[in-house]
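Student:
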Amino acid sequence: MKRFKNKLLLFLMSALATWSAQVSAEAFGECPTEAFLIQDKVANLYGVQLATGYYQKESPHDWGEAKMNALAFNIHDRYLYAYNYYYGTIVTIDAQLAVSPLWLTGLPNMGFYVGDIALTENSYYLYRPGASYGLYRIPLDPTAAGYLTTQQVANGNQINLSIYDMAFHPDNGLAYSVDRWGNLWAIDVVLGKTEKISNVGQAGTFGAVYFDVNANLYISRNSDGHIYRVNTQWDYPIAEFFAFGPASSNNDGARCALAPIISIESPTTDFGDAPDSYQTSIGSNGPRHDVGDGSLFLGGSVSGEPNAYAVNGLEGSDNDGVAFVTNFEPGRNSITTVVASAPGYLNAWIDWNRNGLFDKDERIADAEAMQAGPNAIIYRVPNWANVGDTWSRFRLSSQMQLEPVGGVGDGEVEDYEISIIEPNVVVHYHPSEQGWNTLAFEDNWPLKGDYDMNDVVANYRLSTVTNEDKLLRITLAGRIVALGAAYHNGLAFRLTGLTRDQIDEAHITFTINDNPVMASPLETGRDEAIIIISDDLWDYVTAGEQCRFYRTEQDCGSNIQMEFRIIVPLINDVDATDLAAFPFDPFIFSAPNQERGYLFGEAPGRRYEIHLQNQAPTEAFQENFFGRGDDDSDATLGRFFVNENGMPWALDLPYEWRYPLENMDIRYAYPNFQTHVQSNGALDLDWFVVEQSNSANTFE
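Last residue of the sequence shown: 1285 in this note's numbering, with the numbers rising by one and none dropped.
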């Protein structure tokens, strides 16, 4: 009986002390956006802006509190709670940072470094791994049954996790943590069960774990202070680097899980202004700098904003730290002046290829030291830079190495729209800037076949860009007009005179029907520079209902289905005279694994090619194919891909040509063609114009 009275007295004293302390104490403001972090053996409390990693000590110099851990923010009363190693129990921390112990019933005599307070109930959950320990629940509501009485939910055999903090999800009632190997766990604190969700891709001791209102989990690694964001709503969550935070051997964190990551009313975070394709907003993990103590910035000032312009619509008014001294011309150096308020490091990027991203090879400043005042940076505009409007990004910080995204605790980011221009270059077009030439192939070579010259028909346009006789880039654009072939053919251009190693392959831009093609069109395993448009053109077109071929039969006139554009940049200092004259060397070849008639006996693949008249084949061609069937090629005379009468298997015509119908010999569609060929081009120079055609035998 006496023992019962003693326990009751202890309980009443604890409840009275708790009530008295909280009557006089001041709670924190309504769900603060900052996170709280407690560190060190003699405890210090820090306020942390998770968006940027900026932190400052909140506890006074003479706080003198013993080591604390298992920090938690209680949304039910807006106090901080922690396990205090001096008192050997949990304590409350009010807004004035006064620490008050709570004397519990049944609390094991051990230290706790993992804990958080549930959002769905006013209960504190503490966890310690090991068979003798486990997960414990402590009700904090004075009106609840078991108030301040420790209850074991699961023992260490039921829950055995190597975790160092946990945080409650804002919606589903589960607690989450990431273990030392990077495994993300969901903990059902009611049933005492765990579920491994994914490996987030980062390992270490994550001593501080937080949630925001959007169900993003933030984990802070003790060893380097790096803060990672994990979107727990993804099917397979991974960790993305989010900000540079404080490192410590002893970390524990807490925040109000119902608060956004950045204050809407009083933001201290500076964002960029570029469109969100450049990952500018907080949702895209955009670049952001904490205004902090306001001593390091670009230009004359810096201001905070709750999100990037791309999201909040409030255009930045403090972009005053960067001035562009020269224009941006491919192949030329450019000079930019950057004004820093104090010494720091500059990282900067320009989207040279205008793809809406800052790629790794688009960095123009790599942790360059800046002095207070104006600083000049000089960089080269690459040959492959794409003419037109684009965006640049400049980041100044005391942190040396920054990427185009992620948070940092000081400095400023400024995004500027710029234009890449070419006033001192020469552009040559073939046939013209807006016009088209036509390629037409008979794919029965070395047999004459039906000689309808419509097996592959393509319109094309070429251009070269030079600067002071140096070749900067080549553009090949075109569209497939007709496929009258039962055989499957690929289409390519050899850039005659150039070698493969003169091409800046990493920066080739290739689109089909305005969609990026990720694979490089530059043929592998060749010394020659060969651009493959497609290995099989039938992969991109369909003949249509009741049609055998694509746009060669009457009433089979479907719309153009394949358009392509390839921009081929050259490495520096390639002489323009190295490249052969237009049209370079267009050719077709046999698609892989496709039979090619009795003259070959097997699928010839890339060994089979058809080029324009008297154009030598590429290094891939099998030389003993010459002389078979009707072919009368003679390499010693420079005579290729013609028969004994000089009739070719490929044509290049200077406009959008009306080609023959399916199975219609070209001589019946264009009666003057044979005279022109047999005169070696001296007669009937206009044989191909529609006025010289038998229009009934041509496709319209």
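Where a beta carbon is used, it is the ideal one built from N, C-alpha and C, also for glycine.
To which residues does DSSP link E997 through a beta bridge?
Tutor: Counting from 1 along the sequence shown, the entry for residue 997 is found at position 412. DSSP lists L981 as partners of E997.
Student: What are the uninterrupted segments assigned as beta strand (DSSP E) that are 3 or more residues long and contained completely in the stretch 780 to 816, given in chain order?
Tutor: 791 to 796, 801 to 806 and 811 to 816
Student: Do the stretch 1068 to 1075 and the stretch 1172 to 1182 make contact, defined as three or more Cβ pairs closer than 8 Å?
Tutor: yes
Student: When you compare only the Cα positions, how much space is there between S862 and E947?
Tutor: For the purposes of this step, residue 862 is taken as residue 277 along the sequence shown, with counting starting at 1. For the purposes of this step, residue 947 is taken as residue 362 along the sequence shown, with counting starting at 1. Spanning the two alpha carbons is a distance of roughly 15 Å.
Student: Look at the Cβ atom of T637, then the Cβ atom of G992, and state whether they are nearer than 8 Å.
Tutor: Locating residue 637 in the sequence shown gives position 52, counting from the first residue. Locating residue 992 in the sequence shown gives position 407, counting from the first residue. For T637 and G992, yes; Cβs fall inside 8 Å.
Student: W819 to F753, Cα distance in whole Å?
Tutor: Within the sequence shown, residue 819 is the residue found at index 234, counting from 1. Within the sequence shown, residue 753 is the residue found at index 168, counting from 1. Going from the Cα of W819 to the Cα of F753 covers about 17 Å.
Student: Run through the stretch 593 to 677 for me and flag every whole alpha helix (DSSP H) of 4 or more residues, listed as ranges in chain order.
Tutor: The qualifying runs do not exist here; there are none.
Student: Compute the Euclidean distance between the alpha carbons of N1178 and K945, then round it to the nearest angstrom.
Tutor: If you number the sequence shown from 1, residue 1178 lands on position 593. If you number the sequence shown from 1, residue 945 lands on position 360. When rounded, the distance between both Cα atoms is 38 Å.
Student: Can you confirm whether the stretch 801 to 814 touches the stretch 828 to 841 when touching is taken to mean that 3 or more C-beta pairs between the two stretches lie within less than 8 Å?
Tutor: yes
Student: Using alpha carbons as the reference points, say which of L802, A788, I772 and G789 lies closest to K781.
Tutor: Counting from one through the sequence shown, the residue named residue 781 turns up at place 196. It is I772 whose Cα lies nearest to the Cα of K781.
Student: My understanding is that W1272 touches F1284, with C-beta atoms under 8 Å, so please give their C-beta distance in whole angstroms.
Tutor: Locating residue 1272 in the sequence shown gives position 687, counting from the first residue. Locating residue 1284 in the sequence shown gives position 699, counting from the first residue. No, W1272 and F1284 are not in contact; Cβ-Cβ is about 17 Å, not under 8 Å.
Student: Run through the DSSP bridge pairs and tell me what E1285 is partnered with.
Tutor: In the sequence shown, residue 1285 corresponds to position 700, counting from 1. Beta-bridge pairing links E1285 to no other residue.
Student: Taking 8 Å as the threshold (C-beta atoms), are D1089 and P1154 in contact?
Tutor: As a first step, residue 1154 must be located in the sequence shown, where it is residue number 569. As a first step, residue 1089 must be located in the sequence shown, where it is residue number 504. Yes, the pair counts as a contact, with Cβ atoms nearer than the cut-off.
Student: Should V676 and G649 be called a contact, given that it needs their Cβ atoms to be closer than 8 Å?
Tutor: As a working note, residue 676 is residue 91 in the sequence shown. As a working note, residue 649 is residue 64 in the sequence shown. No.
Student: Which same chain residues end up closer than 6 Å to Q787 when comparing Cβ atoms and leaving out the 5 residues on each side of it in sequence?
Tutor: Here residue 787 refers to the residue found at position 202 of the sequence shown. Closer than 6 Å at the Cβ level, and outside the excluded window around Q787, lie G767, Y813 and A824.
Student: Using a threshold of 8 Å, state whether the C-beta atoms of R765 and G741 are closer than that.
Tutor: Taking the sequence shown and counting its residues from 1, the one referred to as residue 765 is at position 180. Taking the sequence shown and counting its residues from 1, the one referred to as residue 741 is at position 156. Their beta carbons are not under 8 Å apart, which means R765 does not touch G741 by this criterion.
Student: Looking at C-alpha atoms only, which residue of D750, S886 and R713 is the closest neighbour of V738?
Tutor: Within the sequence shown, residue 738 is the residue found at index 153, counting from 1. When each option's Cα is compared against that of V738, the closest is R713.
Student: Mapping the DSSP letters down to three states, classify D946 as helix, strand or coil.
Tutor: Residue 946 sits at position 361 when you count from the first residue of the sequence shown. Here D946 sits in helix by DSSP.
Student: State the beta-bridge partners of E1113 as determined by DSSP.
Tutor: In the sequence shown, counting from the first residue as 1, residue 1113 sits at position 528. Partner(s): T1084.
Student: Tell me which same chain residues have a C-beta within less than 7 Å of the C-beta of E900, skipping the five on either side of it?
Tutor: Here residue 900 is taken as the residue at index 315 of the sequence shown, counted from 1. Legend: pLDDT at E900 = 49, less than 50; position of this residue unreliable, value from coordinates given subsequently. Residues of the same chain with a CB within less than 7 Å of the CB of E900, apart from the 5 flanking positions on each side, are D858 and Y894 in chain order.
Student: Tell me whether Q1263 is buried or exposed, calling it buried when 16 or more other Cβ atoms sit within 10 Å of its Cβ.
Tutor: One-based indexing of the sequence shown puts residue 1263 at position 678. It is exposed - the Cβ of Q1263 has fewer than 16 other Cβ atoms within 10 Å.
Student: What is the residue span of the alpha helix (DSSP H) that H1261 lies within?
Tutor: Mapped onto the sequence shown, residue 1261 falls at position 676. Here the alpha helix (DSSP H) through H1261 covers F1258 to Q1263.
Student: When the Cα atoms are used, what is the spatial distance from Y1253 to I1195?
Tutor: Counting from 1 along the sequence shown, the entry for residue 1253 is found at position 668. Counting from 1 along the sequence shown, the entry for residue 1195 is found at position 610. Distance between the alpha carbons of Y1253 and I1195: 23 Å.
Student: Quick one, which of S880, E1276, W934 and D936 has its alpha-carbon nearest A927's?
Tutor: For the purposes of this step, residue 927 is taken as the residue at position 342 of the sequence shown. Closest by alpha carbon: S880.
Student: Ignoring anything shorter than 3 residues, give me the beta strand (DSSP E) runs that lie fully in the stretch 862 to 949, in order along the chain.
Tutor: 873 to 875, 907 to 909, 918 to 925 and 929 to 935
Student: Buried or exposed for L1246, going by 16 or more other Cβ atoms inside 10 Å?
Tutor: Sequence index remark: in the sequence shown, residue 1246 carries index 661 (1-based). The residue in question, L1246, is buried, as its Cβ has 16 or more Cβ neighbours within 10 Å.
Student: Does DSSP put T1049 in a helix, a strand or coil?
Tutor: Against the sequence shown, residue 1049 aligns to sequence position 464. The answer is strand: DSSP assigns T1049 an E or B state.
Student: Nearest by alpha-carbon distance to I962: which of W969, V972 and D951 is it?
Tutor: As a working note, residue 962 is residue 377 in the sequence shown. If we check each option's Cα against that of I962, D951 comes out closest.
Student: Please report the distance separating the alpha-carbon of I1116 from that of G973.
Tutor: Your numbering for residue 1116 matches position 531 in the sequence shown. Your numbering for residue 973 matches position 388 in the sequence shown. Cα to Cα, I1116 sits roughly 25 Å from G973.
Student: Three or more beta-carbon pairs under 8 Å between the stretch 1207 to 1218 and the stretch 1150 to 1164, yes or no?
Tutor: Taking 8 Å as the limit for Cβ pairs, the verdict is that the stretch 1150 to 1164 does not touch the stretch 1207 to 1218.
Student: Would Y1298 be called buried (16 or more neighbouring beta carbons within 10 Å of its own) or exposed?
Tutor: The chain is shown only over 586 to 1285; residue 1298 falls outside these bounds and no answer can be derived.
Student: State the Cα-Cα distance for the pair D905 and L776, rounded to the nearest angstrom.
Tutor: Along the sequence shown, read from residue 1 onward, the residue named residue 905 stands at position 320. Along the sequence shown, read from residue 1 onward, the residue named residue 776 stands at position 191. Approximately 57 Å between the Cα atoms of the pair.
Student: Give a yes or no on contact between the stretch 1007 to 1019 and the stretch 1037 to 1044, applying the rule of three or more CB pairs nearer than 8 Å.
Tutor: no
Student: Considering only C-alpha positions, which residue in the set V1274, V1275 and T1260 is nearest to L1268?
Tutor: Locating residue 1268 in the sequence shown gives position 683, counting from the first residue. The residue with the shortest Cα to Cα distance from L1268 is T1260.
Student: Taking G792 as the reference, which of S783, S747 and V774 has the closest Cα?
Tutor: Indexing the sequence shown from 1 puts residue 792 at position 207. Nearest in C-alpha terms to G792, of all of S783, S747 and V774, is S747.
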